[in-house]
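Step one of this worksheet: look at the structure below.
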Amino acid sequence: MVHSMTAFARVEQNGVYGTLSWELRSVNHRYLEPHLRLPDNLREVEGPVREALRNGLSRGKVECTLRLTESSSESALQVDHARAQQLIHAAEQIAQQIKQPAALNPLEVLAWPGVLSTQSVDSQELNSAAATLFSQALQQLKESRGREGADLARLISERLDAIQNETNVLRELVPEMLEVQRQKILTRCQELQVEIDPQRLEQELVLLAQKSDVAEELDRLTTHISEVHRVLKTGGAIGRRLDFLMQELNREANTLGSKAIDPRSTQAAVNIKVLIEQMREQVQNIE
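As structure tokens, this is what we get:
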């Protein structure tokens with residue numbers, strides 16, 4: 001399956017610790033280049049996240065952002081009522097020994113060590129939840145890259161078919177174009193009233209045919225087209241291979257243009273180069 005390097009994924013999960021969310025964005029890049037943004041208390045997941053990226057992706061610049069919104073519910077605060085009662089009782093006993101005691105402040109009672117505590121979250125549980133959630137986000141990202149990759153493969157295949165059609169038409173036109181050039185030379189000679197040795201004329205026409213022979217270029221174009229189709233069916237990390245094949249296709253198209261002896265062959269070469277450039281732009285996004 002063909003995968004694009006451009007995709008986005010976002011997953012979210014609620015728990016006793018609050019809300020965890022991952023956002024993953026990937027764009028095309030020559031190599032795999034992860035960028036992680038993690039809360040300080042979740043730095044332990046960096047290693048597993050990088051390992052998962054190496055195992056799951058081959059290329060692309062991937063930005064991974066983890067956010068933790070801590071729970072603000074009342075259950076997050078725990079009051080030790082027994083300890084608070086002991087503190088109040090002790091304060092009342094002391095107050096009886098004071099002539100004008102100050103009123104007992106509830107906030108001072110809560111501030112006493114051990115009376116009020118925050119519900120602690122197991123850091124191992126939190127890190128495990130973040131790592132598990134990342135696996136879901138990565139899977140979503142890979143599926144998105146796969147869908148876009150399938151679209152890119154379809155677009156490239158359509159352009160390959162268009163190039164093949166151009167080569168087929170041009171192959172059929174080559175004999176006709178050579179005959180047209182032969183007639184042009186003969187007509188020009190008649191207009192100039194120049195007598196040419198028939199044998200010499202045939203030699204020149206043979207040389208012209210050799211210089212303008214594009215059969216080899218057309219064959220190589222067909223071979224490269226078949227190879228691109230094969231690579232697309234193979235799938236996996238094929239971006240670099242496809243980029244190389246685009247260069248080879250473009251080389252043959254340039255040679256084809258340099259040998260053009262007819263406006264039709266020139267136009268065919270131009271059309272092929274345009275199609276190759278369109279494919280090359282799409283290939284840049286393939287993993």
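With the first letter of the sequence shown counted as 1, position 116 gets the number 116 in full-length UniProt numbering; the numbers rise by one all the way through. By construction, the Cβ of each residue, glycine as well, lies at the ideal position given by its N, Cα and C atoms.
Residue i - DSSP class collapsed to helix/strand/coil
i	result
glutamate 287	coil
serine 144	helix
alanine 9	strand
valine 214	coil
arginine 25	strand
leucine 66	strand
histidine 81	helix
glycine 235	coil
leucine 20	strand
serine 75	Bear in mind that a pLDDT of 47 at serine 75, under 50, signals an unreliable position, so the number given afterwards is only what the model happens to contain. Three-state result, serine 75: helix.
serine 157	helix
aspartate 219	helix
proline 175	helix
alanine 253	helix
lysine 259	coil
leucine 42	helix
leucine 275	helix
leucine 245	helix
leucine 57	coil
Residues near residue i in its chain [Cβ-Cβ closer than 7 Å; skip 5 each side]
i	result
arginine 159	Leu275, Gln278 and Met279
glycine 60	Met5, Ser26, Val27, Asn28, His29, Leu32 and Glu287
alanine 269	Ala253, Leu256, Gly257 and Ala260
threonine 69	Gly18 and Thr19
glycine 146	Met1 and His3
tryptophan 112	Leu87
threonine 167	Leu218, Leu221 and Thr222
glutamine 140	Ala9 and Val11
Sequence-distant residues of its chain with Cβ nearer than 6 Å to residue i (five each side left out)
i	result
arginine 10	Glu23
leucine 126	Tyr17
residue 296	Look at the range of the chain in this structure, 1 to 287, and you will see that residue 296 is not part of it.
glutamate 63	Arg25 and His35
alanine 95	Pro101
threonine 266	Ala260
serine 58	Ala237 and Glu287
alanine 131	Val45 and Pro48
Distance between beta carbons of residue j and residue i, contact taken as under 8 Å
i	j	result
glycine 56	leucine 138	5 Å
isoleucine 238	isoleucine 163	Wrong, their Cβ atoms sit about 19 Å apart, outside the cutoff.
valine 231	leucine 242	6 Å
arginine 43	leucine 66	10 Å between Cβ atoms; not a contact.
arginine 171	leucine 218	5 Å
asparagine 285	leucine 152	6 Å
valine 109	alanine 84	6 Å
alanine 52	serine 135	7 Å
isoleucine 88	leucine 104	7 Å
glutamine 247	isoleucine 156	Not a contact, Cβ separation roughly 15 Å.
leucine 173	arginine 240	Not really, about 35 Å apart at Cβ, beyond 8 Å.
Beta-ladder partner(s) of residue i, from DSSP
i	result
glycine 47	Answer is none; glycine 47 lacks a bridge partner.
proline 34	Val62
asparagine 14	Thr19
serine 4	Ile286
Sequence-distant residues of its chain with Cβ nearer than 8 Å to residue i (five each side left out)
i	result
alanine 129	Gln13, Gly15, Tyr17 and Leu20
glutamate 176	none
lysine 273	Asn250, Ala253, Asn254 and Gly257
Q: Would you mind listing the alpha helix (DSSP H) stretches within the region 87-138 that are 4+ residues and don't spill past its ends, in chain order?
A: 106-111
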